[in-house]
Amino acid sequence: MNLFTTLIKDPFYIRLIGAALVLFIFIIAKRILSKLVIKFLSKIQFKQKRLDIVLFDCLQKPFNYLFLFTGIYMALAISPFIYYQTPSEQSFILGELTIPISIISKATLTKYYSVIIIGIITWAIYDLEHIYEQLFSNFNMRVALIDNTLFIRYMARIIRFITVTIGVILILITLVPNLSTIITGVGIGGAAVAIISKDSIANIFSGMILLLDKPFVIGDWVELGTIEGIVEDISFRSTRIRTFTQGLVVIPNATIGNANITNWSRMSKRRVKFDLGVAYATSTTQLKTCITKIKNYLETHPDIEADTSLVAFENFGDYALNIQIIYYVLKTDYPSYLAIKEVVNLELIAICDSLDISIAFPTQTLMIEGQNIQSK
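Each residue of the sequence shown is one higher than the one before, starting from 1 at the first, in the numbering used here.
Written as C-alpha cells, this is what we have:
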C-alpha cells in the first residue's frame, strides 16, 4: 500500500506508468485501427472487391507502423524523459554515474516523429501502384484517351517517382530548416547536376514517346540494329531486351528513339522464298507439270495465304534448272513457321519423286582425252 501511495504521489512514476499504458494500448490496437481505416477508405474510393484486397495488402503494413510509431510518440510525449522548455533536474544515480531523466526535448521528438510519419505515408502511397493503374484504366475507358496498358503502367511509375521525390524533399525540409539557404549556396553544384541529368531527362521523355507511339510492347520480338530479342521491360531510363542467347541488353530510351526499329511480332504473315533446283535431265513436260502441281498445292494449303504464291521457272543455274518458289505463311510464331515450311518441303520432294524428277546438287563435268567423266 505504501508503494502504491508513493507511486501515485510522484509525478515521475505517474507519467512513466501513463506512457507505458499508452504504448501498450497502441501495440494491441494497431492492427484493429489499421483494418478500420483501410475499410473506411475502400468504401469511399472503390466498388470492386479486387481493389479492396489490393488496397488492404498495400496499406496494412504501413498503417501498422503508423499507429505503432504514433503510440511511441504519444508515450514519450507524456513520459518523464521529455522536457518542454528546460530539462528536468531529476536524474538516476548508478554507482558513480549520474544519468539525467530528461533526455530529449519535445520539439526534437516532434521533428523526428514527423520524419517517420512522412516516410511511412510516402511508403504507403508508393505501394499503391496497382490502384493507380486501375484508376488510369477506368479514366481511359471513360474518355477513350489511349489504348495502351503499358502507358498506364508507366504513368503509375511516374506517380511513384513523384511521390518519393516529394517525400524526400519534405523530410529534408523537416530535418534542415534552412534548406533553401543551403541550396542557394550550392547553386554551382546544382548546375553541374542539371548538366549530368540532361541525358536522364532525354531518356525519360523518349520513354514516354515510345509508350505513346507504341512501336513495341513488352513481349514483342524486336530488332534494333545488331540487337535482337524479346522486350522484357520499359522503365523511365531504359528498355530491357532479352536476346535469343539469353543475354539481357539494357538500352537507353534516347538511343531507341533515334534507332530503326523492326518489330517482328507485328507481322501478319511471313514470307518464304527459295529456289528449287532440278536436274538438267528434266524434260519440258516434267518441268511444267512439276510447277503446276506445286502451285496447286500451295493454293490449297490452309496455312498459306491464297492467291499470293508464286512458282515459276526462273533461270538456268550452273548445275540445275531453278524453280523460284514464294509463298506467305499465315502463322507468324517461329515454331509454327518452321513446322509449315517442313511440311511444304516434304511435299515438294514427294511431287518430284512422283514425276521422276531428280533434285539437283552441285556437279562438275571433267573432259579427259575426249571422254566425258562426270564427277560429283
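Note that beta-carbon positions come from the ideal geometry of N, C-alpha and C, so glycine has one too.
Based on DSSP bridge pairs, tell me the residues matched to G229.
Counting from 1 along the sequence shown, the entry for residue 229 is found at position 229. According to DSSP, which records beta bridges pairwise, G229 is partnered with V222 and T243.
Y126, enclosing alpha helix (DSSP H) - first and last residue
Looking up residue 126 in the sequence shown gives position 126. K106 to Y126 is the span of the alpha helix (DSSP H), which, as asked, contains Y126.
Would you report the Cα separation of I117 and L170, rounded to the nearest angstrom?
Counted from its first residue, the sequence shown places residue 117 at position 117. Counted from its first residue, the sequence shown places residue 170 at position 170. Cα to Cα, I117 sits roughly 11 Å from L170.
Comparing C-alpha positions only, which one of P252, V231, I201 and I209 sits nearest to F244?
As a working note, residue 244 is residue 244 in the sequence shown. For F244, the nearest C-alpha among the options comes from V231.
Continuous beta strand (DSSP E) assignments of at least 3 residues falling wholly in the stretch 317-345:
321-329
Assigned secondary structure, F361 (DSSP; H/G/I helix, E/B strand, else coil)
Residue numbering aside, residue 361 sits at position 361 when the sequence shown is read from its first letter. Coil.
When the distance is taken between beta carbons, is G207 closer than 7 Å to N253?
Taking the first residue of the sequence shown as 1, we reach residue 253 at position 253. Taking the first residue of the sequence shown as 1, we reach residue 207 at position 207. In this structure, G207 lies closer than 7 Å to N253 by Cβ.
I need the straight-line Cα distance from D147 to I166, nearest angstrom please.
Within the sequence shown, numbered from 1, the residue matching residue 147 stands at position 147. Within the sequence shown, numbered from 1, the residue matching residue 166 stands at position 166. With a pLDDT of 48 at D147, under the threshold of 50, the predicted position of this residue should be treated as unreliable, though the coordinate-derived value follows. Computed Cα separation, rounded: 30 Å.
For K273, three-class secondary structure by DSSP
Here the question's residue 273 lines up with position 273 in the sequence shown. It is a strand residue.
Which residues share a DSSP beta bridge with A312?
Against the sequence shown, residue 312 aligns to sequence position 312. Answer is Q324.
Could you compute how far the alpha carbon of K269 sits from the alpha carbon of I227?
Translated into the one-based positions of the sequence shown, residue 269 becomes position 269. Translated into the one-based positions of the sequence shown, residue 227 becomes position 227. Approximately 22 Å, taken between the alpha carbons.
Tell me S238's beta-bridge partners as DSSP assigns them.
Within the sequence shown, the letter at position 238 stands for residue 238. Note: S238 sits in a beta bridge opposite P252.
With distance defined between alpha-carbon atoms, name the residue in I158, Y65, Y154 and V217 nearest to N261.
Here the question's residue 261 lines up with position 261 in the sequence shown. The sequence given here places Ile at residue 261; Asn does not occur at that position. Of I158, Y65, Y154 and V217, the residue nearest in Cα terms is V217.
By alpha-carbon positions, which one of T108, A156, L310 and I27 ends up nearest to Y328?
Translated into the one-based positions of the sequence shown, residue 328 becomes position 328. The shortest Cα separation from Y328 among T108, A156, L310 and I27 belongs to L310.
Whole-angstrom distance between A77 and L33, CA atom to CA atom:
By one-based count along the sequence shown, residue 33 stands at place 33. By one-based count along the sequence shown, residue 77 stands at place 77. Roughly 21 Å separates the two Cα atoms.
Coil, strand or helix - V217 by DSSP:
Here residue 217 is taken as the residue at index 217 of the sequence shown, counted from 1. Looking at V217 - three-state DSSP - the assignment turns out to be coil, as it is neither helix nor strand.
Do the stretch 328-337 and the stretch 346-353 make contact, defined as three or more Cβ pairs closer than 8 Å?
no
What's the C-alpha gap between R15 and P80?
As a position in the sequence shown, residue 15 is number 15, starting the count at 1. As a position in the sequence shown, residue 80 is number 80, starting the count at 1. Those two C-alpha atoms are separated by around 6 Å.
Whole-angstrom distance between E299 and E305, CA atom to CA atom
The count along the sequence shown starts at 1 and reaches residue 305 at position 305. The count along the sequence shown starts at 1 and reaches residue 299 at position 299. If I take the Cα positions, the gap works out to 8 Å.
In whole angstroms, what separates the C-alpha of P62 from that of I120?
As a first step, residue 62 must be located in the sequence shown, where it is residue number 62. As a first step, residue 120 must be located in the sequence shown, where it is residue number 120. P62 and I120: Cα-Cα distance of roughly 6 Å.
N296 lies in the alpha helix (DSSP H); which residues open and close that run?
Position 296 of the sequence shown holds residue 296. Taken as a continuous stretch (DSSP letters only), the alpha helix (DSSP H) holding N296 covers T284 to T300.
Within 10 angstroms of its Cβ, does Y280 collect 16 or more other Cβ (buried), or is it exposed?
Walking along the sequence shown from the start, residue 280 turns up at place 280. Exposed is the call here.
Sheet register partners of T262 (DSSP bridge):
Within the sequence shown, residue 262 is the residue found at index 262, counting from 1. Answer is E223, bridged to T262.
Should Y271 be labelled buried (16 or more other beta-carbon atoms within 10 Å of its own) or exposed?
One-based indexing of the sequence shown puts residue 271 at position 271. Inspection of the sequence shows that residue 271 is occupied by Arg rather than by Tyr. Exposed: under 16 other Cβ atoms inside 10 Å.
Between F313 and I291, which are expected to be in contact by the criterion C-beta below 8 Å, what is the C-beta distance as a whole number of angstroms?
Taking the first residue of the sequence shown as 1, we reach residue 313 at position 313. Taking the first residue of the sequence shown as 1, we reach residue 291 at position 291. About 6 Å separates the two Cβ atoms, so the contact holds.
Neighbour-count burial assignment, G219, 16 or more Cβ in a 10 Å radius
The residue you call residue 219 lines up with position 219 of the sequence shown. It is exposed - the Cβ of G219 has fewer than 16 other Cβ atoms within 10 Å.
When burial is assigned at 16 or more other CB atoms within 10 Å of the CB, is M367 buried or exposed?
To locate residue 367, count along the sequence shown from 1; it is residue 367. Answer is exposed; the Cβ neighbour count stays below 16.
Just the C-alpha distance for F205 and V222, rounded to the nearest angstrom, thanks.
Position 205 of the sequence shown, counted from the first residue, corresponds to residue 205. Position 222 of the sequence shown, counted from the first residue, corresponds to residue 222. C-alpha separation (whole angstroms): 21 Å.
V176 - DSSP class collapsed to helix/strand/coil:
The residue you call residue 176 lines up with position 176 of the sequence shown. If DSSP states are grouped into helix, strand and coil, V176 belongs with coil.
Assign D147 to one of three DSSP states: helix, strand, or coil.
On the sequence shown, position 147 is the one that residue 147 refers to. Bear in mind that a pLDDT of 48 at D147, under 50, signals an unreliable position, so the number given afterwards is only what the model happens to contain. Three-state result, D147: coil.
Pick from I104, V176, F161 and I82: whose alpha carbon is nearest that of V115?
If you number the sequence shown from 1, residue 115 lands on position 115. Cα-wise, what sits closest to V115 is V176.
Return the bridge partner residues of V278 from the DSSP annotation.
Taking the first residue of the sequence shown as position 1, residue 278 is located at position 278. BP columns for V278 point to L321 and I359.
Bridge partners for I351 per DSSP, in chain order?
Locating residue 351 in the sequence shown gives position 351, counting from the first residue. Beta-bridge pairing links I351 to no other residue.
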